[in-house]
Structure formats: C-alpha cells, structure tokens
Ligand code: HEM
C-alpha cells in the first residue's frame, strides 16, 4: 500500500542482499550507540534538546496546565516523537513534528492521515487490487495515500539532491573520484548516497536514484510505526499493573542521570524484561507473508484435522504458494509460555520454559522482529529507542488509564494499534491520566 516498489522491504534475492549489506552498518551496535544523543541527550551547541525530553516537557506542561493531572492521548505524542527520531537519525531531516511552533508540517500531517484510518478495509479498496481500472476512480483514502506519497517523494528528492551536492563539493576539493570508503559517516542517507555515487561497486551493491528514493518512505514508516505502537502498549500494560510500573520506576531512578548511554540502559534488567514482555504479549506486527521459492513439506509438531476429518502430520507447499506466518499465535501459545501466557508478567523472563527458550527470532526469544533474510534491520535501533523513551517518561510521571480497560481494543491488520471500542471512528488512541511522580520523602 505505502511501500515503495524498489525498497529493501520488497526487493528479493541478490538485489535484496546487496541493499541489506549497504544499509546494515547504519544499524550496527556502534552506530546505535552514536545515535543515543538523538534518543536521549541534550545537544548543548544547537540548543536542540533530545526528542523524548521534548515529549517529557510537553507532557509536563500539559500536566501543570491541568492542575496536576492531564488526560493525554499517548499515541499522538509517541507518533510524533518516533517520526522525528527516524527522520533525524536516518536522514538528517529535522521534521519538528513534536515541536513545530504551530507551523504546519506536511510529512507529519500526511502520516497522521494514513495512520488515523481504522479497518475494516472497504470492499472498494480490496477490489482496487484486482481491477486496475478502478485506479482512475480513487476513493478518499487512496487519494490521501497518493498525496502523502507525493509529499514524501518531493521532500526525499530535495534531500538526496542536497546531500549529493554536498558530497560533490567535497570531491571537488579532492581528486574528483569517489571510492567505497571515501565518505565519512555511517548514517543511512550517507550509506545510500555512497552506494549511488561510488564508482567501484558491483551491480548489486550500486543503488539507482530511484532505489535511494524508495528507501526514504520505507524507513520513515517502518522506523516509527511499530516503535510507537510498542511503547504505547507498554504504557497501557503499566497502567494495568501499578506494581510493575513502580518496580520499573525504581530501577530507572537508580541511574543518576537524565541522559543514559546505551550501555547504561542495557544494564537495567527489569527494563529489558518489560520491553521483551511487551513485544511478546502486544507484538505490534502480528503476521508476515512469504511466498515459497520451491516445493516443500512443513512438518507439524502436532497433527491437525483437515476438512475431511483426516489427521495431517505435515503441510505440502508448492513453489509460489503464499504463506501467512503468524507472529501473534506463538507469542500467545499456552503450550509454549504456560497457562499465564496471556498475562503481562516481565518476571517470566527470569526463568523461561524450555519451549519458549527455543523460540527462534533475531532478538530475545520473541518473533516480533521476524527471522531470516527479511527480518527487521532496525531492531537494535527500536529497542534502544523504546528503552530511552520509557526511561524518560516513567521516571517523571505516574500513568493511569483514562478510560475503562474493557473499552481498549487493538485495531489494524498487519499492525495492532490501541484504540477505543466506543470511539473507533476517531482512529488509534490511548487516553492516559498523567501525573508527576512525587518522590517519597526520606525520613
Ligand atoms: C518495535 C519496533 C519494530 C518492530 C516490532 C519491527 C518488526 C519488523 C518485522 C516483523 C519485520 C519483517 C517484516 C516481514 O518479514 O515481512 C520488519 C522489517 C523491517 N523493519 Fe522493522 N520493526 C520495528 C522497528 C523498526 C525500525 C526502528 C526500523 C528502522 C529504523 C525498521 C526497519 C525495518 C525494515 C527496513 C524492514 C525490512 C527489512 C527487509 O525486508 O530486509 N523496523 N520489522
């Protein structure tokens, strides 16, 4: 729907491997460590303060304007925060979605329009996939998506042109030829432009202008949507479990800094368990799709009864068959996690059942980031960002749910965002009652 045709998320085979190897350095541990200043620290020279400190300050303002307890839609602030972070960290583009001084912001508005829609998907949109002539008669939502695409394309084209011109100016000072190692910096945009301009790359390592441009909407969407949803569900879970919220807060307050490094955040075991448990119970991407490259047979751990009443011990798949791989099912399975599989219990990570410990996945025995060639390239980025945001917010505020828990539901198809049953038409939201945390007076 919103994915760009030549981006890493849809490319396959050697081209996909080439794109992943170009971009991977932007998501390695050392690069994420360098990005912590965007996630956490204040930047003294530019007076730009770090994004979640901005969010903390915005929420603190709302709290003080509301006599010490504000009703805040957490989805809104988190969405803006994560959009700012990925655009700044990935592309050096300061969208100022969080703090725009009242100025309209085209990309933020475009995303708000897209992500505010709530399924069910209309029949007309399903038919558009099958009847291409309907493209000439777009419905309202298709028009919005097309508009958002064109905004991002225009901004992306300008960004690439400016970055190329800056690189060219540097080259003009040197010998004029660009080799693979000549450009400093491992940020995503620099790596992409390097792969576009360098003269000594193989065909699969080289990116065309269109391929570079395609990565921008892909990363803007993939880089902020799931992180927003995970953090929002985590805050929801903390409202439902005040003991866990307080235990987490006490651990976070044990660090004597507002601006922890990545290693300091990684040293907090309970924070790690809370994030793992959120990604397990409220996994934001609930399934993934694959097409079989060749005929295969999938063995089953337990037989299933087919429609003819016969027990099947394996599933035969033909080349080209599409397979929906559920992420949510194994995360909620009582056979894997035990009878309390549907409870939010970070302590379970101290002693995982054997079945759960065998769960494949690129991070922490959860499938939230999928596995294999197309698994999430940004998982280290996401975990560092989620931890940094929770660190800042949970130290500062006490969170309660602003509605009855039964009113909260999950909406979406591929991703599951929080919304209210009573106000589905409003789109995703999570109303929280936010109060400042008052430190107990020590006797
Ligand atoms: C909690 C946050 C996140 C979750 C749960 C998540 C989950 C996933 C999943 C399940 C996939 C595999 C999709 C598939 O196989 O069909 C994926 C792919 C991807 N993710 Fe993430 N993601 C998160 C954050 C991020 C961030 C922060 C970035 C970028 C900074 C990112 C960039 C990508 C990209 C580019 C792909 C496509 C990779 C490829 O096809 O080779 N994701 N993500």
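Numbering (this note's numbering), first residue to last: 6 to 448. For each residue, glycine too, the CB sits at the ideal point set by N, CA and C. All of these numbers come straight from a predicted model, not from anything done at the bench.
Based on the DSSP output, what are the partners of residue 301 in its beta bridges?
322
I'd like to confirm the pairing. Which residues does DSSP put opposite residue 222 in its beta bridges?
The partner list for residue 222 (beta bridge, DSSP) is empty, contrary to what the question assumes.
Check the C-beta distance from residue 87 over to residue 390 and give it rounded, since I have them as a contact under 8 Å.
7 Å
Below 8 Å on the Cβ atoms is my contact criterion, and I expect residue 241 with residue 406 to pass it. Report the Cβ-Cβ distance as a whole number of Å.
7 Å
For residue 411, the residue or residues it bridges with in DSSP
Its beta-bridge partners do not exist; DSSP assigns none.
Once DSSP output is grouped into helix, strand and coil, what is the label at residue 77?
strand
In the DSSP output, what is residue 441 paired with across the bridge?
402
Roughly how far, in whole angstroms, is the beta-carbon of residue 157 from the beta-carbon of residue 217, given that I think they are within contact range, below 8 Å?
Between residue 217 and residue 157 the Cβ distance is about 13 Å, and since that is not below 8 Å, they are no contact.
Is the closest heavy atom of the ligand HEM to the C-beta of residue 294 under 7 Å?
yes
How should residue 288 be labelled, buried or exposed, when 16 other C-beta atoms within 10 angstroms of its C-beta is the threshold for buried?
buried
Can you grab the Cα-Cα spacing for the pair residue 444 / residue 258, in whole Å?
10 Å
Regarding residue 223 and the ligand HEM, is the C-beta to nearest heavy atom distance less than 7 Å?
yes
What are the uninterrupted segments assigned as alpha helix (DSSP H) that are 4 or more residues long and contained completely in the stretch 228–293, given in chain order?
230–245, 247–258, 267–271 and 274–286
Since residue 436 sits in a beta bridge, which residues does DSSP pair it with?
78
Sorted by chain position, which residues of the same chain lie with C-beta nearer than 8 Å to residue 100's C-beta, five sequence neighbours on each side aside?
88, 89, 92, 93, 110, 112 and 113
Can the beta-carbon of residue 358 be found closer than 8 Å to that of residue 343?
yes
If I follow the unbroken beta strand (DSSP E) through residue 423, where does it start and stop?
422–425
Within 10 angstroms of the Cβ of residue 174, are there 16 or more other Cβ atoms? Answer buried if so, exposed if not.
exposed
Beta-carbon contacts of residue 428 that lie in its chain and below 8 Å, excluding the five residues immediately before and after
434
Return the CA-CA distance between residue 28 and residue 215, expressed in angstroms with no decimal places.
16 Å
May I have all residues whose beta carbon comes closer than 5 Å to any heavy atom of the ligand HEM, sorted in chain order?
13, 14, 227, 228, 231, 232, 235, 289, 290, 293, 373, 374, 375, 379, 381, 382, 383, 386 and 387
Less than 8 Å separating the beta-carbons of residue 235 and residue 283?
yes
Taking only three categories from DSSP, how would you classify residue 309?
strand
Contacts around residue 315, its chain only, beta-carbon distance under 7 Å, and the 5 residues preceding and following it disregarded:
none
Residue 16 in three-state terms, based on DSSP
coil
For residue 80, the nearest candidate out of 442, 421 and 440 (CA to CA)
421
Per DSSP, what kind of secondary structure is residue 170 in: helix, strand or coil?
helix
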